[in-house]
Every structure is written in structure tokens, then in C-alpha cells.
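Encoded as C-alpha cells, the structure appears first; notes follow it.
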Amino acid sequence: MSKTLFDKVWDAHVVRKIEGGPDVLFIDRHLIHEVTSPVAFLGLKNRGTKVLYPNRTFATADHNTPTINQDKPVADPLSANQLKALEANAKEHGISHWGLGHQKNGIVHVVGPEYGITQPGATIVCGDSHTSTHGAFGAIAFGIGTSEVEMVLSTQCIMQPKPKKMRINVNGKLGLGVTPKDVALFIISQLTTSGATGYFVEYAGDVFENMTMEGRMTVCNLSIEMGARGGMIAPDETTINYVKGREFTPKGEAWDKALAYYKTLKTDEGAVFDKELTFDGFSIEPMITYGTNPGMGMGISHDIPDASQVEGGVATYEKSLNYMGFHEGDAMIGKPVDFVFVGSCTNGRIEDFRAFTSLVKGKHKADNVTAWLVPGSHIVEAQIKEEGLLDILHEAGFELRQPGCSACLAMNDDKVPAGKYAVSTSNRNFEGRQGPGSRTMLASPLVAAAAAVTGKVTDPRTLIEELV
Amino acid sequence: MAYDKFNILTSTAVPLPIENVDTDQIIPARFLKATERVGFGDNLFRDWRYNPDNTPKQDFVLNNPIYSGKILVGGKNFGSGSSREHAAWAVYDYGFRAVVSSFFADIFKNNCLNIGVLPVQVSPEFADKIFAAIHADPKTELEINLPEQTITLLATGEKETFEINSYKKNNMLNGFDDIDYLQSIKGDIEAFAEKLPF
Ligand code: SF4
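Protein chains in written order, with the working numbering: chain A, 1 to 468; chain B, 1001 to 1198.
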């Protein structure tokens, strides 16, 4: 029988099916961080159990960590306590721990792929909803809650009903200044934040085939923002070239075996999806969000729609615009910007910094803008330096911070103050996400760059046209 | 950890008719710094509930004494966003044992089931009826009957059935959790792990 990519990977990991209930799914690799793991370890202790396969779990500290002076002790005692707990738990159970200051430290969904923890056809979970990132490699990857973190630690399995399947095709050529982030924000704006709830998505079509791994990760990362548990893209040459030779990638004979498996990982002709959608890549513009959920996005040159044109309750819509201080019919271009954040597991990779730098090169940061440029990992940080991007950034008046989640969820000191506007390359514009009272507009690194040098929301295409 | 058993819950309910309530609203990230599972109820809906100076916001439903009960009734797409189980802990710790909505985000629903809070998905029409009934009389009671899988507006007897898979239902009725089950099949899991490519 024809199978989808998702079926193949899922079915290969089912230990047992329960009548009228979930499947018992084996998890190949488990990522943990300081925020969602301590209570899970406490649970293990209370039950008197150990971690079943310590070499299948990897710990990194990212959510809470400062992005300056990482060599100094962490000032916030609560954050310091969580970081210490992660270290102690990892040590007690024999789990690799990449804490603050460690060479391999970084955002969990950035370092996983960098070190080859992420492999095609694997099942990967983490107590963070953007685990969907790893689906870019043709893995089944999704976020879990702390009870499930405990399940995976103690049994390497979780119990999940098999989700429905959706395929989203985007074909055609992307226009000038349109990045993978725009493709994802566009899809979410079409589906709304609940449009893919209950589904696992496969992205197909030449737009994704032509993307780099970094771009595919950005797209899969945002799957959760339309309610999907995860999203995946079939592995191809690009994928295999990326994973080959990385530290935790299988080697020697094991690699040959793995490669043979990877080559089977595609949706068979005639396989059936519960839902299928197709979009035209050429119709996608650089995107920006105007509201308080990632589904409230539109092409940057458009005006904020009337409540009558959007799905959902008028009261909720008005509450959202009120929070943002925006009105129906407003143009987004020209809106004030106080902060620019480039980073997170959505857009904190080398390609994102290349894009940002390409646009600010030879220009200068606007005086009214505070910019936080936060690489996703030390590898990204080193690459920024090696490729000469840092010099260009410095000349343009920007500083680079140290790796971590930073203003994506504002658990550390990188908080956007109440009432201030931020253009952010991260993934959530929820009320208060970037600090109590903060107002977030989600966009690509190019839109962030355009805002950073002009001090207001600006269509990046106007600046690119200046360049060429 | 085993949790409270759930059978029949009869209670007044607290209405929150807002759509797309995300887990950053249920519990903002800055309250996720604990290493134990205690005290999250105080920060449930923190920024909707309190002003920056920590005085209660009078217009928020949890600060309105006419509403109370063990059931929270939310708008469509409740619990979207972050996977933080802390959101479910906060709901539980505040004293809710069931959340009713016409649509739940996946991970939040799972997290609730894993800690013994029952997510009850009703039709949009029934959700509207519940909101209207509470609006008309804040003391109106709902009955959630897990064995029968029904939710009833006691004042009028209007009733709807809801879905839950039989495995999770059994867990909720008995206060079992998944880890108890998974540990009982550890032999199978270990044999399975042997055969995997990595
Ligand atoms: S960068 Fe943001 S979304 Fe990504 S892991 Fe960190 S907190 Fe989660």
C-alpha cells in the first residue's frame, strides 16, 4: 500500500498499538533544556526510576540564559537555579550536558541539527513546541509537555494517537526579497493558528526543494503556529549533504545502512492525505504580522483588514488590535519601530545573519532603534565572524550578542518594554511574549534589517532595488 | 505521578469567552523558573489578572467574585502556542478540574489529560449556550459526567456528549498515568530499541 513519508517514519517507531487509544511511539532522540525538564527529573526521583537510555537524551541550556557576559555568574537567582538543576540532573543520569559557556551550547533546535543529533527518519521530541524544526530533515519531531519528558526519560516512549496528515504544496518561484520565513507566515495567515490542529504536515513542491536546510528549518519550525503538531520535508541530496559527517551522524557501516533507509523516505505515488492544499510561490510577498497571533499576518504593502474580513470573533480581533495600538485600514509601512530582534530557533541561523547583513551593509542603524542580534549557537556566532559579517555589522552600528533564546520568550533580561514596538524574526507575537506589554511584529530577517536601518516598518524590496 | 480520579463533576463555571487564548497568557514565561511543580495557580492569567503594580484588574473574570467553580469555559482554540505544561499546572493549581471549549490546541489538551484536568470539547452552539447560561445566572451549574461522556446544563437539562479515547478515559477514571503503563511494557520497548538504525 502507498504510504506517506509521515506514515513510514511513524509506523517504523510504533512499539505497540492500544485498542481505542494511542500508539506507543519509540523516540530515537530526546532534547532537553532547563525550563521544562526539572519537574520531569523530580518525577523520576519520586518513582525511584532511572533514565532508560541516557545516550539518547541531550541537554542544552538556552531559554533562561543571558546573551551578554556569559562568562560571569548568572545574576538572576531563579534562572541560575534552573541552570544548576539541569547540570545536576544531567550529571546524575549520565546525559550529555551543554551548559552555558560550553562550546556546543546554543538554542536546542539550532544545535540539534548542527551536531547531527537530528537525522532523517528519526523520531525526535523536546519539551518545546518548536521541536517541529527538525522535521526539515524528514524526521517526525514535535513538542511535548513535562509529563511526557518524564515518560521519555524513563521509558524512551510516549503515547500518542496518530495524527491526521496534510500536504501543503508551494510551487513556483519566490519573488525578490521573499524568504522562507515569508512562505511560512503566508501559509499561517491562510490557515489561521488552528487551521492545522490535529494534523502533521508534509511540505512539498519546488519552493521547498530549492530551499537550503536553514530555510527548511525555518518553515518546519513555524508549523506549530498553525496548530500542526509538526511539519516535515522529504530528505534529498541537500539533506544528506548537510547531515553527513556530523558528530552524532552514524559513521562507517552504520552510515551506509542509514543512507539506505534515508533513500526510502518519501511519500509514495498515490498515497492519500486527509487534506491537501496548494499555493503559488510567486504570489507571496514579504510578510509582517499586525496582531497578537502569528495567523494575523499579511503582505507588508497591505492595509490591516477589517474585522469583517477575518475569521473569528470581532471582540477578539478588536482586543488584539487595541493591544497593538493599531486600527483597521492602517498601512503597516511607516509604523514606528523601537526594537529589532534577529534570532531564535526560527531565524537565528547563519543564513539569517547573511540576509540581515546584506541589507544593512553600507547603511547605519537608525538612532531610535535598539537592535538585538542573537546567534542561535556558537557555531553560528563563529561563522558570522569568519565570513566577515561581524565587521560589516559593526560598521553599520550593530553589536552581536551571545547565543540563546533571548527575546523570543524574554525569560532573561532581553525584554521589550511595555508599549514598545519590536520587529522580530522569532515565532510568536502573543501579548507580552517579548516582555509584559511588548508589541511584536513578526517578520523575516530582511524586513527586520529594513526596519533597523530606517527606524520604521519598511518594505525591504525598496532597499534591495536601491542596491541593484 | 498518579493524579486525582475524575468521575462526575458538578460545579459552577468561570467564563472566558476569548478566542485563541495562548499558553503565554495562561502563564507568562517569566513564571516558568521554578524547579518544582507548586504555586503556579497564583500566576494563572497573570497579565490579564493583575496590573504591573500587582493590584488586581477589576474587569478580569477571575477577579469577579460572582464567578467561581471548578470548570473553566474558554473560547475557541484554547491553549494554543507554547508546549509548557506549566499552563495546565496553573489551571489545575488554581482549582479547575475541567476546561470546556469548542476547540483545543493539541499539546495543551494532551498536557491536561496527563495531569488529570479533563478537556471537554463541545460544539460551538453548545459553548454559546453555556456562555449565555452563565451570563444569565453566574450560579448556574454544569455537570460533567466522564463515564457517560456527557456535559449537561443542569438548569435546563440540555446535554451534549463529548469524545475521549477509551484509554485516556480509563486513566482519568482511575487516576493512572502513562508512565505506569509504559513501565509495565519495558521488555517490549527494549527489544524494539535493538532493531532501530540509530
Ligand atoms: S528560541 Fe524561542 S521558540 Fe525557539 S526554543 Fe527558544 S524559546 Fe523556544
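Yeah, the Cβ is synthetic: ideal placement off N, Cα and C, and Gly gets one too.
Option nearest residue i by Cα separation, candidates the options
i                  : options                                    : result
Asn528 of chain A  : B:Ser1102, B:Asp1059, B:Gln1149, B:Glu1036 : One cannot answer for residue 528 of chain A here, as it falls past the ends of chain A, which runs 1 to 468.
Tyr290 of chain A  : A:Val219, A:Gly329, A:Glu387               : A:Gly329
Met324 of chain A  : A:Arg16, A:Gly432, A:Thr278                : A:Gly432
Leu52 of chain A   : A:Glu209, A:Arg29, A:Ala449                : A:Arg29
Ser1011 of chain B : B:Lys1139, B:Asn1110, B:Ile1189, B:Gly1175 : B:Lys1139
Pro294 of chain A  : A:Ser406, A:Ser194, A:Ile117               : A:Ser194
Val342 of chain A  : A:Ser424, A:Leu359, A:Pro180               : A:Ser424
Ile1026 of chain B : B:Phe1126, B:Leu1062, B:Asn1165            : B:Leu1062
Glu1163 of chain B : B:Asn1170, B:Gln1149, B:Gly1175            : B:Gln1149
His102 of chain A  : A:Met226, A:Gly397, A:Ser2, A:Ile379       : A:Ile379
Ala234 of chain A  : A:Ile187, A:Ala139, A:Gly362               : A:Ala139
Ala184 of chain A  : A:Ala141, A:Ser132, A:Pro161, A:Thr238     : A:Ser132
Pro1226 of chain B : B:Tyr1003, B:Asn1020, B:Ala1013, B:Trp1048 : One cannot answer for residue 1226 of chain B here, as it falls past the ends of chain B, which runs 1001 to 1198.
Unbroken beta strand (DSSP E) run spanning residue i, endpoints
i                  : result
Tyr115 of chain A  : Premise fails: Tyr115 of chain A is in no beta strand (DSSP E) and is neither H nor E.
Phe1074 of chain B : Inspection of the sequence shows that residue 1074 of chain B is occupied by Gly rather than by Phe. 1071-1074 is the extent of the beta strand (DSSP E) around Gly1074 of chain B.
Asp280 of chain A  : 275-280
Residue i: contacting residues in chain A (beta-carbon distance under 7 Å)
i                  : result
Asn1064 of chain B : What Asn1064 of chain B touches in chain A: nothing, since even the nearest Cβ is about 17 Å away.
Tyr1167 of chain B : Ile18, Gly20, Gly21, Pro22
Ile1107 of chain B : Ser129, Gly143, Gly145
Ala1029 of chain B : Leu409, Ala410, Met411
Local conformation of residue i per DSSP, three classes
i                  : result
Asn1110 of chain B : helix
Arg469 of chain A  : No statement about residue 469 of chain A is possible, as the shown extent of chain A runs from 1 to 468 and does not include it.
Arg229 of chain A  : coil
Lys363 of chain A  : coil
Ile240 of chain A  : helix
Pro141 of chain A  : According to the sequence provided, residue 141 of chain A is Ala. The question's Pro does not apply to it. Strand at Ala141 of chain A.
Leu400 of chain A  : strand
Ala304 of chain A  : Per the sequence presented here, residue 304 of chain A reads as Ile, with Ala not at that position. Correct three-state label for Ile304 of chain A: coil.
Leu5 of chain A    : helix
Thr462 of chain A  : helix
C-beta neighbour in chain A for residue i, strict 8 Å
i                  : result
Phe1096 of chain B : no
Arg1084 of chain B : yes
Glu1163 of chain B : no
Gly1266 of chain B : The question about residue 1266 of chain B has no answer, for chain B in this structure spans 1001 to 1198.
Gln1058 of chain B : no
Asn1007 of chain B : no
Leu1154 of chain B : no
Asp1188 of chain B : yes
Thr1035 of chain B : yes
Partners in chain A for residue i, counting only beta-carbon separations shorter than 8 Å
i                  : result
Pro1052 of chain B : Ala418, Pro436, Gly437
Ala1193 of chain B : Phe26, Tyr53, Gln156
The alpha helix (DSSP H) enclosing residue i, as first and last residue numbers
i                  : result
Tyr1094 of chain B : 1086-1094
Gln383 of chain A  : 378-386
Ile1179 of chain B : 1178-1184
Cys157 of chain A  : From DSSP, Cys157 of chain A is part of no alpha helix (DSSP H) but of the beta strand (DSSP E) over 157-160.
Lys1169 of chain B : 1166-1174
Ile1134 of chain B : 1124-1136
Lys471 of chain A  : No answer is possible for residue 471 of chain A: it lies beyond the span of chain A, which begins at 1 and ends at 468.
Tyr1003 of chain B : Unbroken run through Tyr1003 of chain B: none, as it is neither H nor E.
Residues that residue i contacts on chain A, provided the C-beta gap is smaller than 9 Å
i                  : result
Asp1022 of chain B : Thr193, Thr292, Asn293, Arg428, Phe430, Glu431, Arg433
Ile1185 of chain B : Val15, Arg16, Val24, Thr155, Cys157
Leu1032 of chain B : Val35, Thr36, His63, Asn64, Gln82, Leu409, Met411
Cβ of residue i within 8 Å of any chain B Cβ
i                 : result
Cys157 of chain A : yes
Val201 of chain A : no
Lys8 of chain A   : no
Pro477 of chain A : Missing from the structure shown is residue 477 of chain A; chain A here goes from 1 to 468 and no further.
Leu42 of chain A  : yes
Gly312 of chain A : yes
Gln383 of chain A : no
Pro161 of chain A : yes
Gly227 of chain A : yes
Ala258 of chain A : yes
Leu185 of chain A : no
Ala136 of chain A : no
Gly397 of chain A : no
Pro375 of chain A : no
Contacts of residue i in chain B (Cβ-Cβ under 9 Å)
i                 : result
Phe356 of chain A : Residues of chain B passing the Cβ test: none, with the nearest at roughly 25 Å.
Met217 of chain A : Correct list: empty, because the minimum Cβ distance to chain B is about 18 Å.
Met151 of chain A : Asn1114, Asp1177, Asp1178, Ile1179, Leu1182
Per-residue contacts from residue i into chain B (C-beta, under 8 Å)
i                 : result
Tyr261 of chain A : Pro1197
Gln119 of chain A : Phe1198
Pro73 of chain A  : By Cβ distance, chain B contributes nothing, its closest Cβ being about 16 Å from Pro73 of chain A, past 8 Å.
Thr316 of chain A : Ile1018, Glu1019, Asn1020, Gly1075
Ser79 of chain A  : Lys1033
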